[in-house]
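*Asks:*
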Amino acid sequence: MLKSKRTPILPPPSPEKKYEIIINSEQCDGCELCLTFCPKDLIEISEDKFNSRMLHYAIVLKPEECAGCRHCERLCPTVSLYILEKDNNEVINNE
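At position 13 of the sequence shown the residue is numbered 228 (my numbering), and the sequence of numbers has no breaks.
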C-alpha cells in the first residue's frame with residue numbers, strides 16, 4: 216500500500232515578507248467566503264457601498280496585519296482578490 220505525505224500546496228508565509236490583500240470591488244459579488252475563512256478577521260462586506268452591479272463587496276479592515284495564508288485568495292469564486300507579497304527590506308527602504 217502506498218502512503219503519501221500530505222504537504223501544503225503553498226509554502227507557509229515567510230516572516231521576512233509583508234503581505235497585502237488587493238480586492239477588485241467590481242468583480243466581487245459579496246459571497247463572504249473570504250471573510251468567513253480569514254483566520255485574522257481582516258475582511259468584511261461593505262454595508263453602505265455598492266459596485267456597478269449593485270452588490271455589496273469585500274473590503275479590507277487591517278491590510279497591514281495580513282499573514283499571507285492565502286485562504287481568501289484560494290476560496291474566492293470570482294477571483295476578485297489576491298495577495299501581494301513584498302520583502303520587508305523593500306517595504307522599509309521605500310517608506
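From the three backbone atoms N, C-alpha and C, an ideal C-beta is built for every residue, glycine too.
Just the Cα atoms here: how many angstroms apart are Ser295 and Ile260?
*Replies:* 13 Å
*Asks:* Can you check which of these residues, Gly283, Glu280 and Glu241, is closest to Met269 by C-alpha distance?
*Replies:* Glu241
*Asks:* List the whole-angstrom C-beta distance separating Ile236 from Cys284, where the pair is believed to meet the contact cut-off of C-beta under 8 Å.
*Replies:* Their Cβ separation, rounded to whole angstroms, is 11 Å, which puts Ile236 and Cys284 out of contact at 8 Å.
*Asks:* In three-state DSSP terms, what is Glu300?
*Replies:* strand
*Asks:* Taking just the CA atoms, how far does Ile258 sit from Cys249?
*Replies:* Their backbone Cα atoms lie some 7 Å apart in a straight line.
*Asks:* With DSSP as the reference, please indicate the residues paired to Glu288 in a beta bridge.
*Replies:* Its beta-bridge partners do not exist; DSSP assigns none.
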